[in-house]
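Engineer:
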Amino acid sequence: MLDRFVRPYIDPPLNRFGRTLAGAGATADGVTLVGFAVGILAAAVIAFGAPGWAILPLLASRVLDGLDGAVARATKTTDFGGYLDIWCDFVFYGAVPFAFALLDPANAMAAAFLLLSFYVNGASFLGYSIMAEKRGLSSTAQGVKSLFYSAGLLEGTETIVFFALLCILPQLFIPLAWIFGSLCLFTAVARVANARNLLT
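Each residue of the sequence shown is one higher than the one before, starting from 1 at the first, in the UniProt record's numbering.
(1) Using the three-state DSSP reduction, which class does R73 fall into: helix, strand or coil?
(2) So what does DSSP say about D29, is it helix, strand or coil?
(3) Helix, strand or coil for E155 per DSSP?
(4) With DSSP collapsed to three states, give me the class of A132.
(5) I'd like to check one pair, A60 with V96: are the Cβ atoms closer than 8 Å?
(6) What residue range does the alpha helix (DSSP H) around P175 cover?
(7) Going by other Cβ atoms of all chains shown within 10 Å of its Cβ, with 16 needed for buried, is A123 buried or exposed?
(8) Alpha carbon to alpha carbon, how far is T27 from L14? Give it in angstroms, no decimals.
(9) With F118 and C184 assumed to form a contact (beta carbons below 8 Å), what rounded beta-carbon distance in angstroms separates them?
(10) Run through DSSP, which three-state label would G49 get?
(11) On the criterion of 16 or more Cβ atoms from any shown chain inside 10 Å, does G143 qualify as buried, or is it exposed?
(12) If you reduce the DSSP assignment to three classes, tell me which class T20 lands in.
(13) Determine the direct distance from the alpha carbon of T200 to that of P170, and round the result to whole angstroms.
(14) Taking only the alpha-carbon atoms, compute the straight-line gap between L56 and A42 and give it to the nearest angstrom.
(15) Could you compute how far the alpha carbon of A193 sits from the alpha carbon of G25?
(16) Run through DSSP, which three-state label would D79 get?
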């Protein structure tokens with residue numbers, strides 16, 4: 001929901017830095033993999049009992065996740081790069097709830113619900129993207145993407161804020177996970193309803 005409002009502010013500096021990195025020889029896939037590694041490091045820091053410290057690599061990984069596209073636009077975009085980016089994102093999004101389950105077994109039920117909601121929401125997102133691509137649809141409302149990005153109540157910005165909040169307030173993981181997971185399911189249902197109107 002917030003991505004389209006945040007993008008005009010973050011894209012210009014990301015694009016400038018992306019051009020600088022590309023000029024220094026960085027590749028988009030390399031930036032994607034570094035961002036992925038830093039994101040997994042954040043999950044590991046959570047699992048080993050220091051969620052407050054995890055916010056640093058967590059936010060760094062999300063900056064790198066934005067930079068890979070900027071580097072790609074400054075050099076060459078590829079379908080594999082887009083595929084690798086979305087795969088790394090989904091693994092990262094699953095790793096954080098799993099890390100909180102490892103941190104405290106009392107979190108396991110809420111973490112399982114959160115992972116279920118991510119799975120359902122991700123399926124609605126990717127399925128919609130496939131059908132939109134088949135019909136030649138495109139959108140840049142959430143920035144220039146390698147695949148059709150269907151908007152929803154919860155998008156990347158909200159998820160980053162949510163993960164940061166979990167790191168700051170780990171003692172509230174259970175209620176926050178149930179709330180965010182419920183909103184994810186609502187987003188998925190809304191996306192399916194929208195797809196029915198658009199794709200039938």
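Note that CB positions come from ideal geometry on N, CA and C, so glycine has one too.
Structural biologist: A quick look at the data gives this:
(1) Numbered from 1 along the sequence shown, position 73 holds the residue referred to as residue 73. Helix, per DSSP.
(2) Taking the sequence shown and counting its residues from 1, one reaches residue 29 at position 29. In this structure, D29 counts as helix in the three-state DSSP scheme.
(3) As a working note, residue 155 is residue 155 in the sequence shown. Here E155 sits in coil by DSSP.
(4) Taking the first residue of the sequence shown as position 1, residue 132 is located at position 132. Helix.
(5) Here residue 96 refers to the residue found at position 96 when the sequence shown is read from its first residue. Here residue 60 refers to the residue found at position 60 when the sequence shown is read from its first residue. Result no, Cβ atoms of V96 and A60 do not sit closer than 8 Å.
(6) Residue 175 sits at position 175 when you count from the first residue of the sequence shown. Note, P175: alpha helix (DSSP H), 173-199.
(7) The sequence position of residue 123 within the sequence shown is 123, counting from 1. Burial call: exposed.
(8) Position 14 of the sequence shown, counted from the first residue, corresponds to residue 14. Position 27 of the sequence shown, counted from the first residue, corresponds to residue 27. Rounded to whole angstroms, L14 to T27 spans 15 Å at the Cα level.
(9) Numbered from 1 along the sequence shown, position 118 holds the residue referred to as residue 118. Numbered from 1 along the sequence shown, position 184 holds the residue referred to as residue 184. Yes, F118 and C184 are in contact; Cβ-Cβ is about 6 Å, under 8 Å.
(10) What you label residue 49 is simply residue 49 of the sequence shown in a count that begins at 1. Three-state result, G49: coil.
(11) Residue numbering aside, residue 143 sits at position 143 when the sequence shown is read from its first letter. Residue confidence is low: G143 scores 49 on pLDDT, short of 50, so the model does not pin down where it sits. No coordinate-derived value is stated.
(12) On the sequence shown, residue 20 is found 20 positions in, with the first residue counted as 1. Of the three classes helix, strand and coil, the one that applies to T20 here is helix, per DSSP.
(13) Numbered from 1 along the sequence shown, position 170 holds the residue referred to as residue 170. Numbered from 1 along the sequence shown, position 200 holds the residue referred to as residue 200. If I take the Cα positions, the gap works out to 43 Å.
(14) Here residue 56 refers to the residue found at position 56 of the sequence shown. Here residue 42 refers to the residue found at position 42 of the sequence shown. Approximately 8 Å, taken between the alpha carbons.
(15) Residue 193 sits at position 193 when you count from the first residue of the sequence shown. Residue 25 sits at position 25 when you count from the first residue of the sequence shown. Going by the C-alpha atoms only, they are around 44 Å apart.
(16) Sequence index remark: in the sequence shown, residue 79 carries index 79 (1-based). Three-state result, D79: helix.
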